[in-house]
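These notes concern the structure reproduced below.
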Amino acid sequence: MIYVVSYLDSRGEPASIKVEAGNKEEARWSSKIPERRITAVREDIVGRLAAAVEFSAPDAKNQAVFMQTLSSALASGRTVHQGIGTLLENSKWLKPKQEKLEACESLSDYLTLLHFDKFSILMARAAEKNGRYAESLRESSKYLLNREKISTDIGSELRLGITYILLGVAFFIIIPMFLGETIEGMMSGAMKLKPNGFTLVLLGLGDVFRNYGFLVIVLVPFLIFYRKVCWRLIKGLPFFSLFHQKRLLDRGTQFLSVYRMLRKSGFVDTDIIYELLESSRGEARDIYGRIYAHLASSEDLSSAFDEEDWDPTIRDGMLVISSVDDNEQARILEAMEATLQLQNIHAARAVSKALSRLGFFLMVASVLAAVLGFYLPLAGAASGGGF
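Taking my numbering, the leading residue of the sequence shown gets -12, the next gets one more, and so forth.
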């Protein structure tokens, strides 16, 4: 993330600089400004939005094709600059600014400029250290294609689930808001509509949405600011636990992909975790920071994976990694990665199914409440001579 550090300069006048860091405390430290002169640290949301508008990230499939083609170009003897230059000429979907392109010195610089996946950037940095560019690029392409396959397999189901939940929430809010005033008018008018239990529910919900709906707008910034605390409180609850499990599987899949490739390239555990730490942001950076501190205290990697942050497949598999030879390690890591990919697909489908069921329930409940709480009393009033 990019943070804006506001401070008082040597003349006592307000000034600010932008710093890339994982959190506010790290931004304070990275700014190299004395703590007593720092007045505020905030996330550069405007800059992030402007960067997203200026140049959006390519989709995973295009990235995978780009990486595979570049791998072939480098394997044939071309330099990184030559390979990138040729591909940019033929890739109309990539339009970086020329002055920024000329400032790139390494493969990771190019991929960062092009907003490629952070895993690809990490693999590029690893290749810069071990010289295995073609192999690293092929692994990056394979990872992106596997992720795209998972996304394709469950994409339609997930979109259906999101559609149901959006419609369900819309029905749940709109029906009480619009019918509530109508019911109140009929109850006090000539028809003398007699309310039942469902009618009172509609009236209550309509009153809440009309008079207290603004609280949602007030609460949204609060929830965003304290999202980490809120998530810790609800992630173990039914329904929300599905999303938590999906996050663990996503994190584990990426970790294994990076760990397997970097181990294959000769990296030791400390260097692998450091690379993951440097390439991560937010919660993932905090997690890798704890693991790195664990290793720095001469502890083994196998005991560094907390139950709260990692799937059992990762925790159980890493316990035996250090006790087997390199060939057995490779087989275990590949088996773990395949297991997590399958679990990831099932978790995504479970999330989609939960969204669909909840959305469908909200729609049915809203329609039933409208029928039983409005149309049924209306029919009773009409048959009783109201109209």
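Cβ coordinates follow ideal geometry from the N, Cα and C atoms, glycine included.
For clarity, every value in this text was computed on a predicted model and none was experimentally measured.
Top-ranked residue by Cα proximity to residue i, from the options
{"i": "L192", "options": "A317, P1, A356", "result": "A356"}
{"i": "W16", "options": "D(-4), R(-2), G(-1), Y(-10)", "result": "Y(-10)"}
{"i": "R268", "options": "G(-1), P1, S3, E13", "result": "E13"}
{"i": "G239", "options": "D293, L220, S309, P83", "result": "D293"}
{"i": "T66", "options": "H333, K82, R23, E115", "result": "E115"}
{"i": "R344", "options": "N10, F106, E144", "result": "E144"}
{"i": "N77", "options": "G64, E92, E86, L57", "result": "L57"}
{"i": "I211", "options": "L94, E30, R302", "result": "E30"}
{"i": "P163", "options": "A366, A352, S95, L365", "result": "A352"}
{"i": "L359", "options": "I25, F201, V216, P182", "result": "P182"}
{"i": "P21", "options": "V156, A8, S(-3), N10", "result": "S(-3)"}
{"i": "M59", "options": "K87, E122, F106, F201", "result": "Before going on, a small fix: residue 59 reads as Ser here, not Met. The residue with the shortest Cα to Cα distance from S59 is E122."}
{"i": "A113", "options": "R247, A335, I319, R336", "result": "R247"}
{"i": "D273", "options": "D46, G(-1), A8, L(-5)", "result": "A8"}
{"i": "I149", "options": "F209, A337, W80", "result": "A337"}
{"i": "E89", "options": "D104, Q69, G184", "result": "Q69"}
{"i": "D313", "options": "L363, A335, V255", "result": "V255"}
Neighbourhood of residue i by C-beta, 6 Å cutoff - its chain only, sequence neighbours within 5 removed
{"i": "A27", "result": "S(-7)"}
{"i": "T257", "result": "L282"}
{"i": "M174", "result": "L180"}
Identified DSSP bridge partners for residue i
{"i": "A27", "result": "S(-7)"}
Span of the beta strand (DSSP E), counted from its first residue to its last, around residue i
{"i": "S3", "result": "1 to 7"}
Residue i to residue j span [Cα, whole Å]
{"i": "L206", "j": "W218", "result": "15 Å"}
{"i": "I137", "j": "Q55", "result": "19 Å"}
{"i": "I4", "j": "F361", "result": "60 Å"}
{"i": "L189", "j": "K233", "result": "36 Å"}
{"i": "E286", "j": "I221", "result": "32 Å"}
{"i": "A368", "j": "M350", "result": "26 Å"}
{"i": "T99", "j": "I108", "result": "7 Å"}
{"i": "H333", "j": "S228", "result": "14 Å"}
{"i": "G223", "j": "D298", "result": "14 Å"}
{"i": "N198", "j": "G72", "result": "59 Å"}
{"i": "S310", "j": "L243", "result": "18 Å"}
{"i": "R146", "j": "S339", "result": "8 Å"}
{"i": "L187", "j": "A280", "result": "58 Å"}
{"i": "T139", "j": "H231", "result": "21 Å"}
{"i": "K342", "j": "Y151", "result": "Per the sequence shown, the amino acid found at residue 342 is Leu instead of Lys. Rounded to whole angstroms, L342 to Y151 spans 7 Å at the Cα level."}
{"i": "K215", "j": "E270", "result": "9 Å"}
Residue i: CB within 8 Å of a non-hydrogen atom of the ligand GDP
{"i": "R(-2)", "result": "By its list of ligands, the structure shown contains no ligand whatsoever, and the ligand GDP lies outside what it can speak to."}
Residue i: first and last residue of the uninterrupted alpha helix (DSSP H) it sits in
{"i": "H68", "result": "67 to 77"}
{"i": "H231", "result": "227 to 251"}
{"i": "G346", "result": "313 to 357"}
{"i": "N117", "result": "105 to 117"}
{"i": "Y275", "result": "269 to 283"}
{"i": "L154", "result": "120 to 175"}
{"i": "G223", "result": "It is not in any alpha helix (DSSP H) - G223 carries neither H nor E in the DSSP assignment."}
Beta-carbon contacts of residue i that lie in its chain and below 8 Å, excluding the five residues immediately before and after
{"i": "T300", "result": "G239, M323, T326, L327, Q330"}
{"i": "K411", "result": "Because the chain is modelled from -12 through 374, residue 411 falls outside the range shown and cannot be assessed."}
{"i": "D237", "result": "N331"}
{"i": "Q316", "result": "R250, I308"}
{"i": "F158", "result": "L349, M350, S353, V354"}
Residues near residue i in its chain [Cβ-Cβ closer than 7 Å; skip 5 each side]
{"i": "Y275", "result": "I260, L263, L264, S267"}
{"i": "N117", "result": "S252, G253"}
{"i": "M110", "result": "S123, E126, S127, M248"}
{"i": "F53", "result": "L74, S78"}
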